[in-house]
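Data block below; observations after.
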Amino acid sequence: MQNERYQLGEYWLSQHNSTVYKATWYDAGTGQTRRASLGTKDFHEAKKLLAEYALKQTIPKDQRAADMPLGLVFYRYWEHHAKNIASADQAKYALSLWTEFWGASTVVDLTPPKQKEFILWLKAKGYKNSYVSRTMSVGRSAVRFSWKNGEISSVPFIYDEPDRSDEKEPYLVKLAEMRRLLTKAQERPHMFIYCMIALNIMARPEAALQLSPSQVDLSDRWINLNPKGRKQTKKYRPIVPITNTLLPFLQQTDIPAFVLWNSKPIASVKKTFASTVFDAGLSKEITPYSLRHTMATELRRRGVSAWEIEGLLGHRRPSTTEKYAHYAPDYLSAGRIAIDAYFETLGLTYTVPRLVHVSEACQSLKMKNPQKGISQ
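Using the UniProt record's numbering, the first residue of the sequence shown is number 1, and each one after it goes up by one.
What follows is the structure in structure tokens.
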């Protein structure tokens with residue numbers, strides 16, 4: 001057992017009459033100390049299991065900062081939000097760094113001197129200023145999430161690392177590299193469709209992956225990147241025109257999304273994209289975000305105004321008078337024409353993949369009655 005007792009709120013670790021760790025707490029109703037085995041002898045594993053146990057047993061409400069363990073804040077943020085976002089892997093690693101440094105601290109321990117000590121600790125581990133800034137941002141989001149959900153009564157100020165001059169510039173894919181990437185992507189139809197969508201709508205990866213027929217107006221030729229029922233966030237999703245290049249990829253309406261793997265929508269293409277880049281013999285610095293940055297740069301080179309590019313990227317919100325602008329034939333037309341011109345220059349030969357979607361009901365029927373041979 002560690003010399004210092006590890007505690008999260010009213011629960012702590014103990015090894016009562018055994019080397020196996022137990023979740024331990026005081027039962028005020030009976031006046032007794034209670035224990036529940038966590039099934040591990042490893043202290044670090046026990047800390048994680050204690051956080052999970054505490055999460056299941058308690059729902060914090062308007063806690064004082066001194067009473068709310070940071071470990072519980074981070075765990076709840078992960079379980080109820082961060083694990084479902086596009087950057088889940090990055091958030092998970094950042095939370096592990098917070099947990100490693102802060103240990104059994106509570107929210108009240110987030111003092112300016114201690115935060116500065118944390119920043120120095122991160123830099124001593126070799127992390128660049130830009131990554132330190134992102135790590136601080138994850139912790140800030142976790143604490144604010146706890147406050148917004150009424151779990152803590154106040155939220156402390158979380159420092160940032162303002163000097164991000166060491167942040168890498170996004171990789172701009174050269175024309176020959178793009179041709180190789182898209183040629184190789186055709187070996188994985190869902191990856192090819194993803195790349196073509198991402199390049200033509202210049203959207204962030206999650207918006208491209210979530211694109212469905214319900215967001216597409218083929219008659220007026222525009223796409224609403226913000227699906228019905230989704231609230232706009234600071235990462236604004238605009239309405240963009242449909243290019244001639246993309247139009248053939250959007251004809252199907254009997255599918256839940258345009259990017260499907262095994263008949264189902266997918267949440268991330270990060271690993272498959274990296275494999276495609278590797279197989280094409282290209283730099284590993286090329287990521288899904290490189291497509292967006294490359295097209296924005298290409299449009300600027302081709303004389304498209306900054307105002308129009310900002311509209312395509314969602315870097316500006318339309319004014320009230322622009323509410324119906326996407327119905328106009330010339331809506332963001334310079335950008336649309338430039339994207340089609342880019343693909344003409346690319347000179348890529350391809351066939352539009354045919355998407356097949358099998359409903360869950362049909363899949364279930366197929367499993368129950370394999371002799372009927374329902375095909376995809």
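Glycine residues also receive a C-beta, built at the ideal position from the N, C-alpha and C atoms.
ask   = Taking just the CA atoms, how far does isoleucine 201 sit from glycine 335?
value = One-based indexing of the sequence shown puts residue 335 at position 335. One-based indexing of the sequence shown puts residue 201 at position 201. Using only the alpha carbons, I get a separation of about 10 angstroms.
key: Local conformation of lysine 372 per DSSP, three classes   = If you number the sequence shown from 1, residue 372 lands on position 372. Note that lysine 372 has pLDDT 36, beneath the 50 cutoff, so the model's placement of it is unreliable and the number below is only indicative. Looking at lysine 372 - three-state DSSP - the assignment turns out to be helix.
query = Using a Cβ-Cβ cut-off of 6 angstroms (strictly less than) and excluding sequence neighbours within five positions of glutamine 215, which residues of its own chain qualify?
reply = By 1-based counting over the sequence shown, the position of residue 215 is 215. If you ignore the 5 residues before and after glutamine 215, its C-beta comes within less than 6 angstroms of the C-beta of Ile223, Asn224 and Pro227, all in its own chain and listed in chain order.
request  = Taking leucine 72 as the reference, give the member of His44, Ala185, Val155 and Tyr53 with the closest Cα.
outcome  = Taking the first residue of the sequence shown as 1, we reach residue 72 at position 72. Among His44, Ala185, Val155 and Tyr53, the Cα nearest to that of leucine 72 is on Tyr53.
inquiry  = Between which residues of its own chain and alanine 203 is the CB-CB distance below 6 angstroms, once the five residues before and five after are set aside?
reply    = Here residue 203 is taken as the residue at index 203 of the sequence shown, counted from 1. Result list for alanine 203: Leu225, in chain order.
query = Taking the alpha-carbon positions, what's the serine 153 to alanine 207 distance?
reply = Looking up residue 153 in the sequence shown gives position 153. Looking up residue 207 in the sequence shown gives position 207. Their Cα atoms are separated by approximately 34 angstroms.
key: Member of His81, His80, Leu70 and Lys83 whose CA lies at the smallest distance from the CA of residue 377   = With the chain covering 1 to 376 only, the question about residue 377 has no answer from this structure.
query = Starting from aspartate 27 and walking both ways along the beta strand (DSSP E), at which residues does that stretch end?
reply = Here residue 27 refers to the residue found at position 27 when the sequence shown is read from its first residue. First-last of the beta strand (DSSP E) with aspartate 27: 22-27.
ask   = Given lysine 128, which residues of its chain have a CB within under 6 angstroms of its CB, disregarding the five upstream and five downstream residues?
value = As a working note, residue 128 is residue 128 in the sequence shown. Within the same chain, lysine 128 has close Cβ partners Asp166.
ask   = Do you know offhand how far glutamine 376's Cα is from serine 263's?
value = Position 376 of the sequence shown, counted from the start, is the residue given in the question as residue 376. Position 263 of the sequence shown, counted from the start, is the residue given in the question as residue 263. Note that glutamine 376 has pLDDT 26, beneath the 50 cutoff, so the model's placement of it is unreliable and the number below is only indicative. Each residue's alpha carbon lies about 8 angstroms from the other.
ask   = Hey, quick one: how far does the beta strand (DSSP E) through glutamine 32 stretch, first residue to last?
value = As a first step, residue 32 is located in the sequence shown; it is residue number 32 there, counting from the start. Residues 32-37.
query = Out of curiosity, what's the CA-to-CA distance linking proline 205 and proline 288?
reply = Indexing the sequence shown from 1 puts residue 205 at position 205. Indexing the sequence shown from 1 puts residue 288 at position 288. Going by the C-alpha atoms only, they are around 6 angstroms apart.
ask   = Would you call tyrosine 26 buried or exposed, if buried means 16 or more other Cβ atoms sit within 10 Å of its Cβ?
value = Against the sequence shown, residue 26 aligns to sequence position 26. Exposed, because fewer than 16 other Cβ atoms sit within 10 Å of the Cβ of tyrosine 26.
query = How should leucine 175 be labelled, buried or exposed, when 16 other C-beta atoms within 10 angstroms of its C-beta is the threshold for buried?
reply = Taking the sequence shown and counting its residues from 1, the one referred to as residue 175 is at position 175. That one is exposed.
inquiry  = So, at 7 angstroms on beta carbons, what are the nonlocal neighbours of serine 14 in its own chain, with the 5 sequence-adjacent residues on each side left out?
reply    = Within the sequence shown, numbered from 1, the residue matching residue 14 stands at position 14. Only Lys22, Thr24 and Arg35 meet the Cβ criterion.
inquiry  = Quick check on DSSP: helix, strand or coil for proline 112?
reply    = Numbered from its first residue, the sequence shown carries residue 112 at position 112. Of the three classes helix, strand and coil, the one that applies to proline 112 here is helix, per DSSP.
ask   = Between the beta-carbon of phenylalanine 74 and the beta-carbon of leucine 95, is there less than 8 angstroms?
value = Locating residue 74 in the sequence shown gives position 74, counting from the first residue. Locating residue 95 in the sequence shown gives position 95, counting from the first residue. Contact flag set, yes.
key: CB of alanine 257 within 8 angstroms of CB of serine 212, strictly   = Counting from one through the sequence shown, the residue named residue 257 turns up at place 257. Counting from one through the sequence shown, the residue named residue 212 turns up at place 212. Between alanine 257 and serine 212, the C-beta gap is smaller than 8 angstroms, which places the two residues in contact.
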